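Novice: Protein chains in written order, with my numbering: chain A, 29 to 189; chain B, 129 to 929; chain C, 101 to 393.
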Amino acid sequence: MKKLIELDINGRLYEVAVNDRDLLLDVIRKKAGLFGTKKGCGEGDCGACTVLIDGKPELACLKLAIACQGKKITTVEGLIQEGGALHPIQQAFVDHGAVQCGFCTPGMIMSAKGLLDRNPKPTLYDIKHELSGNICRCTGYKRIIEAVQAAAEVWSKEGVK
Amino acid sequence: MADKDLKTKWNLTPGGWNLEGVPAYQDEKRFTQVGRSVPRVDGPVKVKGEAVYTGDMILPGMVYGKIKRSTYAHAIIKKIDYSKALELPGVLAVITGEEAPNKWGIVPQAANETVLAIGKVRFYGEGVAAVAAVDEETAEAALELIEVEYEPLPVLLDPFESMARAGEVLIHEDSPKNILHEGEQVYGDIDKAFAECEYVLEREFHTNYPQHGFLEPQTALASYDPQSGQMHLWASTQIPHYLHRQLSIVLEIPMNKIRVTLPAIGGGFGGKGEASIAEFVASLLSRKIGRPVSVTFERNEVFFTNKGRHPCHMKVKMGLDKEGYIKAIDFDNTLDKGAYSGWGMVVLFYTASMLHLPYEVPNVRFRGRSVYTNKPSTGAMRGLGGVQPRWALECIMDELAEVMGISPYELKMKNAIESSHTCINNMFVPHSEYKKCLETAVEKSGFLEKHGKLPFGKGIGIAGGYYISGTAYTLYQNYKPHTSVMIRVDTEAGVTLMCAAADIGQGCNTVMAQMVAEELGVHYEDVHVQSGDTEIGAFDLGSFASRLTYASGAAIKMACVEINQKIKETAAGMLGVRADQLVLKNREVYSMYETKKRIPWEKVVEAYTSINGSLVGLGNFSPPRRKGIDIVTGNRVQGANIGHSPTFGFSAQVHEVEVDVETGRIYVKKVTEAGDCGTPVNPMSVDGQVEGSIMFNLGACLYEDQKLDANGKHLNPNFHDYKTPTTMEMPEMDTNIVESYDHTAPFGVKETGEGAVQPTFPAITNAIYDAIGVRFYNLPITPEMVLKALKEKKAVEASSK
Amino acid sequence: MFLNHFEYFAPKTSRETLELVSRLGNKAKILAGGTDLMVLMKAKAISPEYLIDINGVEEFKGIVCEEGKGAVIGANTKLAEIQFSEELKAKYPALAYAAGEVGSSQVRHMASLGGNTCNASPAADTPIPLVALGTKVVINSLSGERELLLEDFIQNVRKTNLAEGEMLTNFILPEPVPQSACRYTYMGRRDAMEIDIVNMAVNIELETDGETIKNVKLVMGSVYPRPLVSKEVPPLLIGQKLSEALIEKAAEAAQGEAKPIDDIRASAEYRREIVKVLARRLLKETYDAAKGV
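1. Assign C:G170 to one of three DSSP states: helix, strand, or coil.
2. Which residue wins for smallest C-alpha separation from B:V474, given the options B:T599, B:T433, B:V219?
3. What residue from A:Q128, A:I137, A:K66, A:D154 has the CA that sits closest to A:L114's CA?
4. Rounding to the nearest angstrom, what Cα-Cα distance links B:S303 and B:H309 in this structure?
5. Roughly how many angstroms separate the alpha carbons of B:G622 and B:I615, rounded to a whole number?
6. So what does DSSP say about B:K725, is it helix, strand or coil?
7. For chain C, check one thing: does any of its Cβ atoms lie closer than 8 Å to the Cβ of B:T791?
8. From the DSSP secondary-structure annotation, give me the bridge partner or partners of A:L32.
9. Quick one: give me the first and last residue of the alpha helix (DSSP H) that B:H369 is part of.
10. Classify B:Q161 as helix, strand or coil using the three-state DSSP reduction.
11. State the beta-bridge partners of B:G589 as determined by DSSP.
12. If you measure between the beta carbons of B:Y678 and B:E879, is that distance less than 8 Å?
13. Please list, in chain order, all residues of the same chain as B:D833 whose beta carbon is under 7 Å from its beta carbon, the five residues on each side excluded.
14. Of all the CB atoms in chain A, is at least one closer than 8 Å to the CB of B:H549?
15. Leaving out five residues on either side along the sequence, give the residues of the same chain with a beta carbon under 7 Å from the beta carbon of B:M383.
16. Could you check which residue in B:G398, B:D317, B:P282 has the C-alpha nearest to that of A:R165?
17. What are the boundary residues of the alpha helix (DSSP H) that A:D123 is part of?
18. Short check: CB of C:T217 to CB of C:P229, under 8 Å?
19. At a CB distance below 9 Å, what residues from the region 349-366 of chain B approach chain C? Give them in sequence order.
20. Classify B:V150 as helix, strand or coil using the three-state DSSP reduction.
21. Let me know the secondary structure DSSP gives C:K317 once reduced to three states.
22. Could you tell me which of C:D225, C:V333, C:I146 sits nearest to C:A194, measuring between CA atoms?
23. Where DSSP assigns a beta bridge to B:R331, which residues make up the other side?
24. Determine whether the beta carbon atoms of B:D464 and B:P287 lie at a separation below 8 Å.
25. With DSSP collapsed to three states, give me the class of C:I182.
26. Is A:R40 buried or exposed, if buried means 16 or more other CB atoms sit within 10 Å of its CB?
27. Between which two residues does the beta strand (DSSP E) containing B:G741 stretch?
28. Name the DSSP beta bridge partners of B:D458, please?
29. If we cut at 8 Å on Cβ distances, does C:K142 have a partner in chain A?
30. Could you please tell me which residues of the region 365-384 of chain C, in chain order, have their CB closer than 9 Å to any CB of chain B?
31. Compute the Euclidean distance between the alpha carbons of C:L188 and C:G200, then round it to the nearest angstrom.
32. Quick check on A:T151: buried or exposed, where buried means 16 or more other Cβ atoms within 10 Å of its Cβ?
33. Going by DSSP, what residue range makes up the beta strand (DSSP E) through B:R387?
34. B:S938 lies in the alpha helix (DSSP H); which residues open and close that run?
35. Using the three-state DSSP reduction, which class does B:T424 fall into: helix, strand or coil?
36. How long is the line joining the alpha carbons of A:I163 and C:R258, rounded to whole angstroms?
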């Protein structure tokens, strides 16, 4: 028996019919049609499905959709700024060459957002430690870390939502 | 950034491209678009989460396919009963191997794989049946209802056991020794050469069984239209054309009724360089039910189907003369092929060709064999055929330098080849800055000051490497161009490049846009790239063998000749000057002598197209068959397929490690790399490729290995226990692009995506030796191996006291 | 990889939760972070008929850390909260550190301290320092509440002392005594996302002279079906001032007690080696910390 639930994704309420067992990842992708959140492993090991739930980075592949009622879910699509401008983290990823195949990118950006929201001035170790659950096979991580450092600078100078 | 100076140098016209007064005709290297670190054209859509990958697509009426996989590594299939699955509501079709018996394989001479197993399974996880259902849940449930009866056969997991027991157990009936292929290549007189050597060392090396671990699992979406008989397949592949051709063979549909389209691709590293079962199954199911079918692998299926790097068992003998010049290499290689042939024959002979560079070797003997085992098949993986022999050779050279009492750097410099080098196997290297790579890496890392002088537990190691650039194994034994492009210029779409190259994340769409812009005299932002589609783009072999930048660059240059000629002729009339004195730069056409005579490029296009319609240029590229195939007799020269590589990229790396001598943990602290990639079309992308390469093989050197139990069942088909490096394992990386320009190459370019993976294994291995005095001959080098070796070393030292 | 069908409950109070736990018994699983549970369910290793999501129950969350009164940590407190809690970092650095080394950032924001214990994985990080700290767990059911030392709670691989109808609700950490210190360490193949090969915590209390060991507890993980509290180390060290020779002896004793297994992550032999190394390092580190060095 499916249940009708409401999910707040990127500030919009989605009314979706779910089974108790449905995972947030599948609901975000197939029911809300937000395909930016990726499934790389489905077992919580790669971080490609990272979304923010009430501001904290969590793995949508291990999260029941029904358990997310009343919570604020932010996906990569929710970062876009007024007039379609890129969020400073997104901009830094583009400028620093932190994107190659792009499959890890949304999850990586959401982890970085979770980190910078909590700690806007992270050390190199903080960045490495907090992004270590996001696997990237293309970049060797160097440019990703540089991008997060650059975004943190913009963050502390200009302040970001 | 450590290499800021070089960057500025390569960003030849950083703020603009005001070349007024510059005699551009005198300097073919004076680029405005090539050599700039521009952001990727697909960067913004990817960071926004708007890039569409195959698994993100939904077509009207689309349903889902799933594959039932074998639970035996080697067994006769006695019976498959899927009647219960068909009864499950929502199930639309079930197929088994018999429905598509035509064999596929990337190398046509050795194609031996069927879409789903027929009669017997040869590895754990091989597909035996597939289901289409209205949703994924139903498809997955249906798999549970398919009953398969097996009669187990002995499982052969080791290539030596496989050869020894071939009389008793055969993996393929038509391979009586369980050998896919064996071969020998002999150049010079090896025995005579060794007899004359002052220093000779012989060692055995064994590599591991790593996998690509691309983040996007294989995905395919097939849509068959029964009325027109047309199949459209969207797939996560590196090789639209090979896939196209193999679909045609398996489906028995002519190629002109099949269209392959590549959405965004989430990485490949060689693993998507063969067709995937996902693609065949989606197509077969779609044809059967007349609806679009989407098939996406789970992560464990990526491991089950593998196609990763071949474990190699190598016996290497190298001889030097009194001065330290390499005189001979004797190399014996047993490759673990896994269950099916795939790229096997090519990998076998690539490991042979890899012996001939980047050092001068006058006498070479190669003997090798690729052996079937009941493992998921090996295939192409970043640096195909190069990584394993390079590891062995660079390690044995480190050892030989020690025997001679000289620095390994000195030994490498002494033997390193230079431009215009012809190898004993006829490979011709038009241009090499390998020595400059070695010098730069050594200088920037302080190698000479540190090597042999660091405290116990700390070490530094050096290694070099190279890779082919611009060639590929040829599916067709003829002169068919490897790449074809079409460029369309008009007022409606501006500049559009149409081709079938595959951007799998490496960034070729950006680089191709830069090259088109350079050649036409516009900006890279003006160029639309339509790639990865067999219907829009003409023939292209695909993204592998580090061929694209070179091959596409050459084809683009050719396509632009005709366009530029027409633009110049039109502008000449408009400006009242001779066409041959016109320069195309910065969206302008101007006279190189009277620079005031100039006109916007767009105006010229408008003038031309308003009379003639769109301007179209065609270009193609074939690697020169320099010595590969004898043009008169048609005979193939030994090592032919690598031999006609038009040029080669080089890299040198210095790794600094710390070994925790109590736990055996190895920490790579710093990597200094210097690469010769010719002209870096996009230096930021080059650095990204190199950094990615280093981490890729750092992982395979220290952490990554697929493990099977005695029955051939995967023990770690997941990312918890198949351990790729994380951010925490990232060393400090200083990558340097050495100044290089290959005059024989379009824009002076060479590869960078695979050359830089070559030195990583040996540089780490040599650094570990420098740290703890132990040489390792097996991969990955685990903490357990380190501790065990240290204990043995202590025991030896104690007993010798 | 779909989960089996189950019925989902999201109680709001402790009472409601206990009623569900009591009524549904072994057919139900408690969903806290789900980072282990979901993986097990996806692999079809378990297929519970009911899931009781306790994330809506505020009473199961939170850290109460009062001066002189130890700490009480709710079972559903997320590991990230423990990792970043300034109070816990100051008072129980071993626990905060261990919590920060579990899985990834995402996992730590989801996974709970109670889950890390109740999952009863021999390789789990946080139970090791908790045992070393002398932590008690509070077990609740409709029929009442009982307390138990954590070291008696975890019994075997994936097996705890919980009876049907019971659930773990709180951890009670005793106030660290003066001149004591507890430290944690682990060893894996990588420095992140690891399933530990060996992990260990040491808690040392000194006499008023600031040098003589009054009490010591050494706890090992990943080398036994449950957290292994060394029996041999305390008699060797109590009443002694730590010396290189004693460290060596104690480390060898710990090594002798460890009963690891061979698996894909490491051999038993290697794990035993590592026990000795970690014991040596951690005893020294903890002793120095207790001395205030």
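Heads up, the beta-carbon is just placed ideally off N, CA and C, and yes, glycines get one too. What you are looking at is a predicted structure, and each value in this text was computed from that prediction instead of being measured.
Specialist: If we stick to the structure as given:
1. Looking at C:G170 - three-state DSSP - the assignment turns out to be coil, as it is neither helix nor strand.
2. For B:V474, the closest C-alpha among the options B:T599, B:T433, B:V219 is that of B:T599.
3. That would be A:I137, whose Cα lies nearest to the Cα of A:L114.
4. So the alpha carbons of these two residues sit roughly 9 Å apart.
5. Between B:G622 and B:I615, the C-alpha separation is close to 10 Å.
6. B:K725 falls in the coil class under three-state DSSP.
7. At a cut-off of 8 Å between beta-carbon atoms, B:T791 makes contact with chain C.
8. In the DSSP output, where bridge partners are listed per residue, A:L32 has A:A45.
9. Where B:H369 is concerned, the enclosing alpha helix (DSSP H) starts and stops at 368-379.
10. Shown here, B:Q161 sits in coil according to DSSP, grouped into three states, outside any helix or strand.
11. B:G589 is bridged by DSSP to B:H783.
12. Against a cut-off of 8 Å, the Cβ pair of B:E879 and B:Y678 comes out as a contact.
13. So the qualifying residues of the chain are N336, Y337, P338, P908.
14. The C-beta of B:H549 comes no closer than 8 Å to any C-beta of chain A.
15. The beta carbon of B:M383 lies closer than 7 Å to those of H372, R373, S376 in the same chain, with the five residues before and after it left out.
16. Cα-wise, what sits closest to A:R165 is B:G398.
17. Where A:D123 is concerned, the enclosing alpha helix (DSSP H) stretches over 116-123.
18. Contact flag unset, no.
19. Listed by position, the residues of the region 349-366 of chain B near chain C (Cβ gap below 9 Å) amount to none.
20. Residue confidence is low: B:V150 scores 48 on pLDDT, short of 50, so the model does not pin down where it sits. Its coordinate-derived value is still stated next. Coil at B:V150, not helix or strand.
21. Strand.
22. It is C:D225 whose Cα lies nearest to the Cα of C:A194.
23. Paired residue(s): B:V444.
24. Yes, the pair counts as a contact, with Cβ atoms nearer than the cut-off.
25. Helix.
26. The residue is exposed, with fewer than 16 neighbouring Cβ atoms inside 10 Å.
27. For B:G741, there is no enclosing beta strand (DSSP E), as DSSP marks it with neither H nor E.
28. According to DSSP, B:D458 bridges with B:K445, B:R493.
29. Yes, contact with chain A.
30. Taking a C-beta cut-off of 9 Å against chain B, the contacting residues of the region 365-384 of chain C are R365, A366, S367, E369, Y370, E373, I374, K376, V377, L378, R380, R381, listed in chain order.
31. Whole-angstrom Cα-Cα distance: 12 Å.
32. With fewer than 16 Cβ atoms within 10 Å of its Cβ, A:T151 is classed as exposed.
33. B:R387: member of the beta strand (DSSP E) spanning 386-389, first to last residue.
34. Residue numbering for chain B in the displayed model covers 129 to 929; residue 938 of chain B lies beyond these limits and cannot be assessed.
35. DSSP places B:T424 in strand when its eight states are reduced to three.
36. For A:I163 and C:R258, the distance between alpha carbons rounds to 28 Å.
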